[in-house]
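Asker:
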Ligand SMILES: *[C@@H]1O[C@H](CO)[C@@H](O)[C@H](O)[C@H]1NC(C)=O
Ligand SMILES: *[C@@H]1O[C@H](CO)[C@@H](O)[C@H](O)[C@H]1NC(C)=O
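Below you can see the structure in the form of structure tokens.
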């Protein structure tokens, strides 16, 4: 897992405050602000590569890469932490800033990969870029064999900034992808994705064939766990 989290987050918090033009009103507000914005898949799109002839249509088996760079609202509002929920049909492997954060490999084998989203808290680079990268893989339908079938990735997240500002992030056509197997170093923040294309939108949470994605409740909400 991600054992450097406590140390990294402490450093990131301090760096964020040192560089911010507007200091948070009081450090006790850090506790309160964790839940200002609820985590929700409401506006999130199921996305893929556009290899589908229509939203939710069959696509080839295999891994596809997805990348998203967080845009800071201003040079003085510094990103501290990302709370991110991910689900995929079928597999996902999540990276943030080149670090491998987690995957759903075990649950995919139970054929529940896309019904429940996993939640992660990840420290962000207060200064510099922040890149989310996901290797999502379309696997065979159980019982049907190794044939093309629908595939998708859905993500929602909350970015917490140094001022206490929180912004929602969702998967949509602002994510980049490639209609070809995931390149080996795709997760590197410096990977050249100039040739990548906007992800295709297959419909928001609840759409067929995936239905409503559940955010599995856990105790890891907000950035305080670092
Ligand atoms: C995609 O989602 C982001 C939030 O993550 C939002 O700012 C942006 O406007 C959306 N873009 C489209 C094309 O819907
Ligand atoms: C993407 O995931 C697939 C399936 O787990 C794996 O075979 C492939 O090596 C992964 N690609 C990268 C670049 O991580």
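Numbering (my numbering), first residue to last: 381 to 606.
Every residue, glycine too, gets a C-beta built ideally from N, C-alpha and C.
#1: Give me the residue from 596, 590, 594 with the minimum Cα distance to residue 437.
#2: Let's see if you can read the secondary structure: which residues bound the beta strand (DSSP E) around residue 488?
#3: Cα separation between residue 551 and residue 421?
#4: Out of curiosity, what's the CA-to-CA distance linking residue 347 and residue 523?
#5: On the premise that residue 581 lies in contact with residue 553, defined as a C-beta separation below 8 Å, what is that separation, rounded to the nearest angstrom?
#6: For ligand 2, any of its heavy atoms closer than 7 Å to the Cβ of residue 469?
#7: Going by DSSP in three states, residue 672 sits in which element: helix, strand or coil?
#8: Helix or strand or just coil, what does DSSP make of residue 473?
#9: Who are the Cβ neighbours of residue 547 in its own chain at under 6 Å, not counting the five residues just before and after it?
#10: My output table needs one value for residue 449: the three-state DSSP class, helix, strand or coil.
#11: Opposite residue 581 in the DSSP bridges: which residues?
#12: Between which two residues does the beta strand (DSSP E) harbouring residue 550 extend?
#13: Excluding the five sequence neighbours on either side, which residues of its own chain have a C-beta within less than 8 Å of the C-beta of residue 483, listed in chain order?
#14: Suppose the cutoff is 6 Å on Cβ atoms and the five residues either side in sequence are ignored; what does the same chain contact list for residue 476 look like?
#15: Closest by CA to residue 455, which one among 561, 541, 428?
#16: With distance defined between alpha-carbon atoms, name the residue in 428, 419, 417 nearest to residue 530.
#17: For a quick check, are the C-beta atoms of residue 592 and residue 499 less than 8 Å apart?
#18: Just reading off the beta strand (DSSP E) that residue 573 is part of, what are its end residues?
#19: Taking 7 Å as the cut-off, is the CB of residue 584 close to at least one heavy atom of ligand 2?
#20: DSSP puts residue 468 in a beta bridge; with which residues?
#21: Please go through the same chain and pick out, in chain order, the residues whose beta-carbon is closer than 7 Å to the beta-carbon of residue 648, but skip the five residues on each side of it.
#22: Buried or exposed for residue 451, going by 16 or more other Cβ atoms inside 10 Å?
#23: With a threshold of 7 Å (Cβ to nearest heavy atom), would residue 473 be considered close to ligand 2?
#24: Run the CB neighbour count on residue 532, radius 10 Å, all protein chains shown included, and call it buried at 16 or more, exposed below.
Answerer: Result, derived from the coordinates:
#1: 590
#2: Not the beta strand (DSSP E): residue 488 falls in the alpha helix (DSSP H), residues 485-488.
#3: 9 Å
#4: In the structure as shown, the chain begins at 381 and stops at 606. Residue 347 is therefore absent and cannot be evaluated.
#5: 5 Å
#6: no
#7: A question about residue 672 goes unanswered here, because the residues of the chain that appear run from 381 up to 606.
#8: strand
#9: 539
#10: strand
#11: 427
#12: 546-550
#13: 471, 472, 473, 474
#14: 502, 512
#15: 541
#16: 428
#17: no
#18: Segment: none, residue 573 is in no beta strand (DSSP E) and carries neither H nor E.
#19: no
#20: 533
#21: Summary: the structure shown does not reach residue 648, with the chain confined to residues 381 through 606, and so no result is reported for it.
#22: exposed
#23: yes
#24: buried
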